[in-house]
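Comments concern the structure below.
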Amino acid sequence: MAVEPAVLSEQFQALAWTAEGLRLLDQRQLPGSEIYLLCRSAEDVAEAITNMSVRGAPAIGIAAAYGIALAARELGSSDNWSAALEPSFALLEGTRPTAVNLAWALRMMMQQVQRPLQDSDMPAALLALAKQIHDSDREANLTMGRLGAQQLRKYDKRAQHVITHCNAGALATGGFGTALGVIRTAHAAGLIEQVHANETRPWLQGSRLTAWELVREGIPVSLQADLAVGHLMKEQTVSWVIVGADRIAANGDVANKIGTYALAVLAMHHGVRFMVVAPSSTIDMQLENGDLIPLEERDADELLIVGNRQLDTGAEVFNPVFDVTPADLIDVIVTEKGIIERPDARKLADLMSRQRLH
Ligand code: MRU
Numbered sequence: 053m054a055v056e057p058a059v060l061s062e063q064f065q066a067l068a069w070t071a072e073g074l075r076l077l078d079q080r081q082l083p084g085s086e087i088y089l090l091c092r093s094a095e096d097v098a099e100a101i102t103n104m105s106v107r108g109a110p111a112i113g114i115a116a117a118y119g120i121a122l123a124a125r126e127l128g129s130s131d132n133w134s135a136a137l138e139p140s141f142a143l144l145e146g147t148r149p150t151a152v153n154l155a156w157a158l159r160m161m162m163q164q165v166q167r168p169l170q171d172s173d174m175p176a177a178l179l180a181l182a183k184q185i186h187d188s189d190r191e192a193n194l195t196m197g198r199l200g201a202q203q204l205r206k207y208d209k210r211a212q213h214v215i216t217h218c219n220a221g222a223l224a225t226g227g228f229g230t231a232l233g234v235i236r237t238a239h240a241a242g243l244i245e246q247v248h249a250n251e252t253r254p255w256l257q258g259s260r261l262t263a264w265e266l267v268r269e270g271i272p273v274s275l276q277a278d279l280a281v282g283h284l285m286k287e288q289t290v291s292w293v294i295v296g297a298d299r300i301a302a303n304g305d306v307a308n309k310i311g312t313y314a315l316a317v318l319a320m321h322h323g324v325r326f327m328v329v330a331p332s333s334t335i336d337m338q339l340e341n342g343d344l345i346p347l348e349e350r351d352a353d354e355l356l357i358v359g360n361r362q363l364d365t366g367a368e369v370f371n372p373v374f375d376v377t378p379a380d381l382i383d384v385i386v387t388e389k390g391i392i393e394r395p396d397a398r399k400l401a402d403l404m405s406r407q408r409l410h
């Protein structure tokens with residue numbers, strides 16, 4: 053995987069297709085350095101997803117779709133595309149287990165592989181579909197931004213304090229963001245006075261990525277250690293918690309970054325409303341409830357290496373990186389197909405049968 057020098061500009065794109073391949077903003081290096089990686093193969097993309105150069109459920113799905121397009125380009129032609137691409141599908145699918153957008157995007161790409169086409173047209177058709185998945189994710193985020201901001205306005209027309217967790221921004225998606233898309237839209241409409249961002253241990257998506265995105269846009273953001281949010285909710289008037297999701301089960305249970313469940317319990321206790329913002333590609337109607345969602349555990353070193361120090365106490369480590377928030381702690385789920393308040397299985401099924409709103 054080649055490393056390109058930083059492109060300095062006000063705008064950034066976490067993922068961009070170029071003539072040479074898929075260009076990724078390396079999120080491991082932020083906020084200190086803006087380094088771009090060039091993925092030329094499905095193997096490069098799989099490595100970038102596994103090592104978290106690219107992360108966030110929708111961004112992982114988009115990257116995987118481009119990974120298949122790269123594999124088809126490398127092959128050039130085949131008399132059995134399904135068989136020829138099977139190892140790339142398996143490699144990409146195995147990179148991260150919780151974000152269902154990955155499996156969703158790969159399923160879309162597989163459907164394209166199985167459509168009858170002239171042999172030589174397959175790489176172009178797969179690239180066109182990957183670009184379409186990318187573009188439509190960004191469009192969905194713009195729609196969700198509008199719908200989520202309407203929810204904020206529904207309860208209070210004044211500028212409000214909101215809490216977010218992890219990074220569900222432009223970095224984590226095809227652009228604009230899910231939770232941060234709502235925050236961007238609401239801020240532009242004068243509905244946000246202050247964003248309180250959890251630092252998001254242990255990978256620090258909040259203090260490294262969310263802070264970086266919001267500060268460069270002039271949206272007021274204040275960081276706190278994750279466990280400071282209880283005190284924050286007790287001492288300050290916070291209206292909403294606004295988060296993204298990695299997978300939403302058919303009954304409305306939501307898997308998201310570790311700490312989201314604790315945040316939802318605290319929000320319920322303090323009367324703070326809880327909003328989940330995610331495209332319909334994050335909804336997994338195959339899983340009846342959140343207990344069935346596979347939750348990724350990552351390496352002990354994510355906890356044991358702090359800055360340049362290795363903590364050598366000999367203690368065991370438990371490092372689940374996602375948890376499940378039960379539907380009954382959630383006030384509203386915002387998708388590009390519309391919103392549902394107080395989610396349950398019937399409302400989710402009804403939502404999924406709708407066309408997307410644009
Ligand atoms: O481990 P990560 O950084 O990929 O986890 C990301 C999250 O948990 C996000 O909240 C979620 O993927 C939604 S991103 C729009």
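Numbered according to this note's numbering, the sequence shown terminates at residue 410, and the numbering increases by one at each position without gaps. Here a beta-carbon is modelled for each residue, glycine too, at the ideal position from N, C-alpha and C.
- Item | beta-carbon residue 316 near the ligand MRU non-hydrogen atom, thresh 7 Å | no
- Where do the N-terminal and C-terminal ends of the beta strand (DSSP E) with residue 327 fall, by residue? 325 to 329
- Just curious, the beta strand (DSSP E) that residue 134 is in, first and last residue? Residue 134 -> not in any beta strand (DSSP E); alpha helix (DSSP H) instead, spanning 133 to 145.
- From 227, 215 and 226, residue whose alpha carbon lies closest to that of residue 291: 215
- Considering only residues of the stretch 205 to 266, which uninterrupted beta strand (DSSP E) runs meet the minimum length of 3 residues and lie entirely inside it, listed in chain order? 212 to 216 and 244 to 250
- Excluding five sequence neighbours on each side, which residues of the same chain lie with their C-beta closer than 7 Å to the C-beta of residue 183? 69
- Message: Going by C-alpha to C-alpha distance, which of 146, 369, 356 and 141 sits closest to residue 159?
- Response: 141
- Query: Does the beta carbon of residue 351 fall short of 7 Å from some heavy atom of the ligand MRU?
  - Reply: no
- Helix, strand or coil: how does DSSP classify residue 363 here? coil
- Task: Measure the Cβ-Cβ separation of residue 375 and residue 294 and say whether it is below 8 Å.
- Result: no
- Helix, strand or coil: which one does DSSP assign to residue 150? coil
- Message: Among 254, 239 and 393, whose alpha-carbon lies nearest the alpha-carbon of residue 357?
- Response: 254
- Have a look at residue 243 and residue 197 and give me their C-alpha separation to the nearest angstrom. 12 Å
- Query: Who are residue 92's beta bridge partners in DSSP?
  - Reply: None, per the DSSP bridge assignment.
- Task: Drop a sphere of 10 angstroms on the beta-carbon of residue 193, count the other beta-carbons inside from all chains shown, and report buried for 16 or more, exposed for fewer.
- Result: buried
- Message: Any heavy atom of the ligand MRU inside 7 Å of the beta-carbon of residue 412?
- Response: The structure shown does not extend to residue 412, since the chain spans only 53 to 410, so no value can be given for it.
- Task: Assign residue 105 to buried or exposed, taking buried as 16 or more other Cβ atoms, counted over all protein chains shown, within 10 Å of its Cβ.
- Result: buried
- Message: For residue 68, list the residues DSSP reports as bridge partners.
- Response: 75
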